[in-house]
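Here numbering that gives the first Met the number 0 is used: the first residue of the sequence shown is 0, the next is one more, and so on.
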Amino acid sequence: MSAATRWIVKPYFRDSALARARGLRYKVAVRVVLIAAKQLALAKTRLAPALPSNTERANLATAMFQDVLSAALSSRLADSVAVVTSDSALLGMAERSGALTINEEFPRGLNVAVALATEHLKQAGVRTTCTILSDIPLVTGEDIDTSFAAEEELGQGVVLVPSRDFSGTNMMVRTPLDAIATQFGRLSLVRHRESCRESGIACKVVRLIRPALDLDVPEDLIEFARSSSMTHTYAHLARLGMLHD
């Protein structure tokens, strides 16, 4: 998204004069990437066997967030990027990147946070969201565009990008953005598909290799280390001496 053609969500700039003063076109974003991130102090507890230090787990979560944010900002089909979290460091990082920030104020749980952000974006006139979890560091802007394109083929509905074991959901495109509620967590792919069926909403599952790998448990780190990548996450794990040739 270039500065000259960047779309913004209405509440981000309260009036068009301020938007023009900052060199932006005052338009309502139609298609938004929504990144949901936990508070850093609470992130990646299941990685404790490999990373016992709370600080190191928080640093890893930060690196993954940076990778996901960079991917979202590089999407060609997204009009804007939004981040929902209660973590002040992540909010600051997102704001400096030009993303819309939605402060959930305190940890409410992932699905409640996404619901809060979804309502915020709906009130701003957003039509479609691609919700991404912040622990899939290999995701690219191309993956996000593929997901948006799959939703366009449906016309209106839900696109689900599953986790590597085909049980969870790592990315989710919805039109309208509140077509179904998110149910991220254990067996979420089944629950999301069932919600679509019950609501009569068209649903499509799109398998993508890079966003399928979420780093939740030590075994995921082993899988991630199999191939080098130009990511903050890979560089961070290399600094910790956790990657070996």
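Virtual Cβ for every residue (Gly too), placed ideally from N, Cα, C.
Query: Which residues does DSSP list as the beta-bridge partners of Lys203?; Result: Val158
Query: Of the choices Ala234, Glu150, Arg238, whose alpha-carbon is the least far from that of Gln65?; Result: Ala234
Query: Just list the beta strand (DSSP E) runs in the region 20 to 67, keeping only unbroken ones of 3 residues or longer that don't cross its boundaries, in chain order.; Result: 30 to 35
Query: Relative to the C-alpha of Pro175, which residue among Ala70, Glu193, Cys129, Ile143 is closest?; Result: Cys129
Query: Can you tell me which of the three DSSP states Val111 falls into?; Result: helix
Query: Measuring alpha carbon to alpha carbon, tell me which of Arg30, Pro48, Ser228 ends up nearest Asp78.; Result: Arg30
Query: Taking Cβ to Cβ, would you say Leu41 is nearer than 8 Å to Asp134?; Result: no
Query: Excluding the 5 residues preceding and the 5 following Phe223 in the sequence, name in chain order all residues of the same chain whose CB lies nearer than 8 Å to its CB.; Result: Pro136, Leu137, Leu212, Leu214, Thr232, Tyr233, Leu236
Query: Looking at chain B, is there any beta carbon in it that lies within less than 8 Å of the beta carbon of Val172?; Result: Chain labels in this structure do not include chain B; a single protein chain is all it has.
Query: Among Gly154, Arg45, Val160, Val32, which one has its Cα closest to the Cα of Ala98?; Result: Val32
Query: Have a look at Gly108 and Glu55 and give me their C-alpha separation to the nearest angstrom.; Result: 22 Å
Query: With a CB to CB cut of under 6 Å and the five nearest residues on each side skipped, what residues in its chain are close to Ser73?; Result: Gly140
Query: Taking the DSSP output, what are the residues bridged to Met171?; Result: Thr130, Leu159
Query: Alpha carbons only, please: which of Ala81, Ser226, Gly156, Glu150 is nearest the one belonging to His119?; Result: Ala81
Query: Out of Ser146, Arg75, Arg95, Ala116, state which residue places its alpha-carbon closest to the alpha-carbon of Thr84.; Result: Ala116
Query: From the DSSP output, read off the bridge partner residues of Pro81.; Result: With the sequence shown as reference, residue 81 is identified as Ala, and Pro is not the correct amino acid for it. Ala81 is bridged to Leu33, Leu99.
Query: Who are the near neighbours of Gln155 in its chain, counting only those whose CB is closer than 6 Å to its CB and skipping five residues on each side?; Result: Thr174
Query: Go ahead and label Thr4 buried or exposed: buried means 16 or more other beta carbons lie within 10 angstroms of its beta carbon, across all protein chains shown.; Result: For Thr4, the pLDDT reaches just 35, beneath the cut-off of 50, and the residue's location in the model is therefore unreliable, leaving the point undetermined.
Query: Taking DSSP as the reference, what is the three-state secondary structure of Leu236?; Result: helix
Query: In the structure shown, what three-state DSSP assignment does Ser69 receive?; Result: helix
Query: Looking at the secondary structure, which residues open and close the alpha helix (DSSP H) in which Ala123 lies?; Result: No alpha helix (DSSP H) contains Ala123, which DSSP labels as neither H nor E.
Query: Answer with buried or exposed for Ala57, where buried requires no fewer than 16 other C-beta atoms within 10 angstroms of its C-beta.; Result: buried
Query: Consult DSSP for Lys9 and reduce its assignment to one of helix, strand or coil.; Result: Only weak support is given to the placement of Lys9: the predicted model assigns it a pLDDT of 42, under 50, and the value that follows is read from those uncertain coordinates. Here Lys9 sits in helix by DSSP.
Query: Assign Arg24 to one of two classes, buried (16 or more other C-beta atoms within 10 Å of its C-beta) or exposed (fewer than that).; Result: Low confidence applies to Arg24: its pLDDT is 48, below 50, so where it sits in the model is not reliable, and the reading given next is rough at best. Per the 10 Å Cβ criterion, exposed.
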